[in-house]
Structures are given as structure tokens and as C-alpha cells.
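If you're matching them up, the sequences are chains A and B in order.
Start counting the first sequence at 1; every next residue gets the next number (full-length UniProt numbering).
Start counting the second sequence at 1; every next residue gets the next number (full-length UniProt numbering).
Using N, Cα and C, we set each Cβ at its ideal position, and we do this for glycine too.
Accompanying notes for the structure given below.
There are 2 protein chains.
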Amino acid sequence: MTTDDEVSDASRGPADLVRRRGGGRKSSGRQRSSHSLDAVVSEAVALLDEGGEAALTFRALAARLGGGVGSIYWYVSSKDELLERAADHVLGGVLTATAHLGQGEDPIAEVRELAIAFYAATVNRPWLGAYFLQDTGTQVNGLMFFDRVGRELMRLDLTPRQRLDAVSAVMAYVVGVAADRGQDPPPEVRDGRVPVDEFVSEFRASIRAMDSRAFPFLHHIADEFAAHDDAEQFRAGLDLLLAGLRLQSGR
Amino acid sequence: MTTDDEVSDASRGPADLVRRRGGGRKSSGRQRSSHSLDAVVSEAVALLDEGGEAALTFRALAARLGGGVGSIYWYVSSKDELLERAADHVLGGVLTATAHLGQGEDPIAEVRELAIAFYAATVNRPWLGAYFLQDTGTQVNGLMFFDRVGRELMRLDLTPRQRLDAVSAVMAYVVGVAADRGQDPPPEVRDGRVPVDEFVSEFRASIRAMDSRAFPFLHHIADEFAAHDDAEQFRAGLDLLLAGLRLQSGR
DNA sequence: ACCTGAACACCGTTCAAGT
DNA sequence: ACCTGAACACCGTTCAAGT
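Here you go:
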């Protein structure tokens, strides 16, 4: 419905199954501010989205929540846990965004949609790269997503082991693409401070400048690289993986 | 030849094509210590391997090099650059370890070997997850590896675009698997402080404890998960990807 | 050209104290 | 039960000074 392509926010996840601390105590709170796990994590994600990994600071987060630094530790025991929960929060958004899937004829097509939705949530969020599927305890949504993908594969004629391997492969691929941002246009280009054309021709020039005997392939794909679209490239790789899976399942 | 499966070290890379600063000035150096880009990066990798990301500190690195903190900035302009170079250094090791490849009949089999060697270098190095292929300028070995994989695909009947997409997919997959460590045994198990069996049965128990209607797939693969081998799982996913590629290339 | 180390600004985490 | 903020230990980075 909304047309924000910057960090499309279906971030708000489904019910956190985790023991929630910090209920709805609203009454009689006067000058002391009152948070909740949800507020802490949501604001953390917002901070991350606005300013990248460096912007998430306990002090900045506390200021944003209108409280003291120490309070955050009531909800979260370390920065690592905070980042894990932030990543899981994003995955929660993916879950709700894909809640309608799972009825389709073709299980592999469903997996494709799930993976694409996952990918969409990671674009413009370079910060969550390494934080998916860290600790099973704090990342229910991660487990849930894993399960949803796997459920589709249960409709295919595969062994449990093959199913596990396939789900793991799809997840790894998505996370890998998310982590790989960097061959891409640098920030000054994405911001529009430098025109794309300029970046592209500069990039092409720098490839041409390299020894073509040392880097024959880079020369070979210089034009393609300059013109490629990230999302398309993601789908191309995903489709290779899924084609292999389809083959394995005998269709 | 060596049988260290802990961080198998073919780390020492081929000629750094990068402008080297800090030549071999050895004479007349008295109490001032003298470094080199190579020493700085090698020791950084060592620190990282021994103690993880948290262990790499400018102060610790300086102490190890026997010098002052400031000196490091002569070779490297930030911690980010240091980590990029460290990642590239590891990839350099992969390049030398696979120097013999490229003559084989089947290009796809060669790609498979390259990917497996890449994977082997990332196991036990959770720290390099996000640092591959960041800045083309400082990561020659990354470009070189990319090119080597691509070169194999030039022997297949594909369009340049398809080749680019395939190489990117393979790289993303490897990086993704590397980043995904975490469903795996936690450190206290890898260290041997807690026996593997105990972890495995505990894990299985925790899956059984979950609602089987909410997580049918997790129940389905609980046994497989407990028994799976990471390297095998990596190869299984890689083979799906390569099967798709083989199909696309018409064999 | 390269190294030193004190100094700076900032960070995650702790904790005695408050309500 | 939850919040506060000063205090602590430590970090990346800078820079005037040395050789």
C-alpha cells in the first residue's frame, strides 16, 4: 500500500513469543519514563535504519526513549542481544508481510516468494548481515521463518536431510547477498551526490585500467556489471538454487 | 601437509598488488621498531583467529608488533580498512591454496573446488563475514578470486550476464554460510567443555518442547539437525546451486 | 619517511541509589 | 519492579614531538 522503497517497513512483528518483561504499567508514572521490550527494540531498529550500525548507541537509544542509559539493561542484557533482537524484529516484519503465502500449488514458487520478501527486508539494512539466526532463544521469528520455508519443502518428495539442507542453503544465500553489499555504488552515489552515470563509467574505466590478462573475466563482464540491478541479480541466483532443488525433487 | 584443522593456514597471500608502504628498511633501526603492511595485517589476522573480533584492538596489535598505537595508522587509515585487508589476506591464502586448479575438464567442478576452498578458509573465522568484497581498491585478492571463478564460467555456453549472476551467487552463498554460524554448537561445546552428545540431546529436547503445530518442520528435521555436519551441508547447498547452473548451461 | 605515546572523545557496562 | 546517572574500564583516532 505504501510506496516507501527506503526500508519498506513491515517491521512490526507478530506476537513475540518470548517472555515479555515490562508490561503496560502506565498509571502513576510521572517523570520517570517507562519503556517496554518492544519500544526498545523498535527504536533500536529505527536508529539503525537512519544512521547505520554506528548510530546505535546506548546513549542515543536512551535519549530517544527519553530515559537513562541504565534502563535499557532491564530489557536487554548486552548490545549483542539488542542487535539480535533487532534482526529478529525485522524478520518479524517479513513474517507478517508473507502471511498470505503457503496456499499455492507449487511449493518451490512459495519458497521463492518467501526468499524474495526476506531479501527485500535486508536491502538498505547492511547492519543485520551477521545477526540472523544467532541465538535460537531470542530469535523466535527466525525460527518461525525457517519453519515456514521448511514447511513448503515438506510437500516435495525429499528426504528430511535434503529438506534441511535446502532451507539452510536458501537462508544462507539470502544472508550472503545481504552481506555482500559493497561492490555496489558507494553512499555518495546512492545519495545522489554523485550521478550514477559517472560512477558507472568510472567503474568501467577502472576495470579497463587493470591488466586484461590478469582479470579477463572482469573485462568480460564490465558492461554487465555497470548495468546490473541488484534485485534482479538476487533473483537470478535464487533461481539457480531453486532449479537445482526442483531437479532434486523430481519436479 | 599440515594437519591443523583449526584455522588451516594457507593465509599468506600471493604478491600484494597494492602499493606497499613500509619497505624493508632494516639497518640502523635501534630501539624504534619497524613494521610493514604485511606484518600489520598478518598479526591482525592472528589476533582475530585467536580471540575473535573483540581481540583485535589497536593497542593489542601494537603491543604484538612491539610498537606504539600510532604507528599502525601509517599503514592503515582506520580499523575498517584493517579488517578489509585482513579479510583480503585470508582470501589470498585461498588463492595460493587453489593455484593448481583451472586445468580440469569440467568448469563447474572447478568452481566447486574453488568454492569449497573458500569455505574452508571461512570456517572458524566468524569475524570475516561481512568484510569480503567491500572496497575493490584494497581487496585485490577478492577481485582475483572473483575473476578466477568467472574464468571457469567463460568456458560454458552462457551470456556474460548469466556468468556474472552465477559468480555473484556462488560468492554470496559462501559468505552467507560463513555468516550463519550460530545455529551451530556454541563455544563451550566446541571447546569440549560440554560434550557434544549433551548439546545435541539438549537441542533435540528444546525442539520437542516447542509446539509441534507451530513448528512442524523443526520437529521434522530435529534428528537430522542434531546429526548434521557443517561442511557436508555446505556442499549440499553448493551442489544445488551448481546443478541449477549446469542446467542453465545445457551441461 | 616512519615511529611514539599522551590526550581526546566516546563507548558498553555496572551499580548504588532512588521510586 | 523498574528507572537513573555517575563512574569505570576500554576503545579508535589524532597529533605534536621525536628520529
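Determine, using beta carbons only, whether residue i comes closer than 7 Å to chain B.
i: Tyr119 of chain A; result: no
i: Gln233 of chain A; result: yes
i: Gly23 of chain A; result: Residue placement at Gly23 of chain A is flagged as unreliable, the pLDDT there being 36, under the threshold of 50; the coordinate-derived value follows with that caveat. With 7 Å as the cut-off, Gly23 of chain A does not count as an interface residue toward chain B.
i: Gly250 of chain A; result: no
i: Asp49 of chain A; result: no
i: Leu245 of chain A; result: yes
i: Ala209 of chain A; result: no
i: Leu241 of chain A; result: yes
i: residue 252 of chain A; result: As shown, chain A starts at 1 and ends at 251. That puts residue 252 of chain A outside it, with no answer to give.
i: Gly92 of chain A; result: no
i: Asp147 of chain A; result: yes
i: Ala130 of chain A; result: yes
i: Ala86 of chain A; result: no
i: Arg125 of chain A; result: no
i: Gly104 of chain A; result: no
i: Gly150 of chain A; result: yes
i: Ala63 of chain A; result: no
Establish whether the CB of residue i and some CB of chain A are separated by less than 7 Å.
i: Ile108 of chain B; result: no
i: Arg220 of chain B; result: The residue you asked about is not Arg; residue 220 of chain B is His in the sequence shown. So yes, His220 of chain B belongs to the interface.
i: Val175 of chain B; result: yes
i: Arg155 of chain B; result: no
i: Pro195 of chain B; result: no
i: Ala226 of chain B; result: no
i: Phe199 of chain B; result: no
i: Gln180 of chain B; result: What sits at residue 180 of chain B in the sequence shown is Asp, not Gln. For Asp180 of chain B, the answer is yes, since a Cβ of chain A falls inside 7 Å of its Cβ.
i: Asp229 of chain B; result: no
i: Arg20 of chain B; result: With a pLDDT of 37 at Arg20 of chain B, under the threshold of 50, the predicted position of this residue should be treated as unreliable, and no value is reported.
i: Ser168 of chain B; result: yes
i: Gly237 of chain B; result: yes
i: Phe215 of chain B; result: yes
i: Arg161 of chain B; result: yes
i: Gly70 of chain B; result: no
i: Ala172 of chain B; result: yes
i: Ser27 of chain B; result: Because Ser27 of chain B carries a pLDDT of 34, less than 50, the predicted location of this residue cannot be relied on, and the following value inherits that uncertainty. No, Ser27 of chain B lies away from the interface with chain A (no Cβ there is under 7 Å from its Cβ).
Am I right that residue i and residue j are in contact with their C-beta atoms under 8 Å? What's the rounded C-beta distance?
i: Gln248 of chain A; j: Leu247 of chain B; result: Not quite, the Cβ-Cβ distance comes to about 11 Å (not below 8 Å), so this is no contact.
i: Leu61 of chain B; j: Leu47 of chain B; result: 6 Å
i: Leu153 of chain B; j: Val174 of chain B; result: Their Cβ separation, rounded to whole angstroms, is 15 Å, which puts Leu153 of chain B and Val174 of chain B out of contact at 8 Å.
i: Leu133 of chain A; j: Asp180 of chain B; result: 6 Å
i: Arg125 of chain B; j: Asp49 of chain B; result: 7 Å
i: Arg235 of chain A; j: Ile116 of chain A; result: 7 Å
Would you call the CB atoms of residue i and residue j closer than 7 Å?
i: Leu242 of chain A; j: Ile72 of chain A; result: no
i: Pro160 of chain A; j: Ile207 of chain B; result: no
i: Gly129 of chain A; j: Ala86 of chain A; result: no
i: Arg64 of chain A; j: Glu81 of chain A; result: no
i: Asn141 of chain B; j: Gly102 of chain B; result: no
i: Ala169 of chain A; j: Gly237 of chain B; result: yes
i: His100 of chain A; j: Val41 of chain A; result: no
i: residue 255 of chain A; j: Gly244 of chain B; result: Chain A is shown only over 1 to 251; residue 255 of chain A falls outside these bounds and no answer can be derived.
i: Phe217 of chain B; j: Arg151 of chain A; result: yes
i: Val149 of chain B; j: Val111 of chain B; result: yes
i: Gln233 of chain A; j: Asp165 of chain B; result: yes
i: Ala231 of chain A; j: Val200 of chain A; result: no
i: Gly52 of chain B; j: Ala172 of chain A; result: no
i: Ser33 of chain B; j: Gly66 of chain B; result: yes
i: Met144 of chain A; j: Leu95 of chain A; result: yes
Start-end ranges of the alpha helix (DSSP H) lying completely within the stretch 153-185 of chain A, minimum 4 residues: 160-179
Those runs of the beta strand (DSSP E) which lie wholly inside the stretch 24-89 of chain A and span at least 3 residues: none
Segments assigned alpha helix (DSSP H), at least 4 residues, entirely inside the stretch 104-149 of chain B: 107-122
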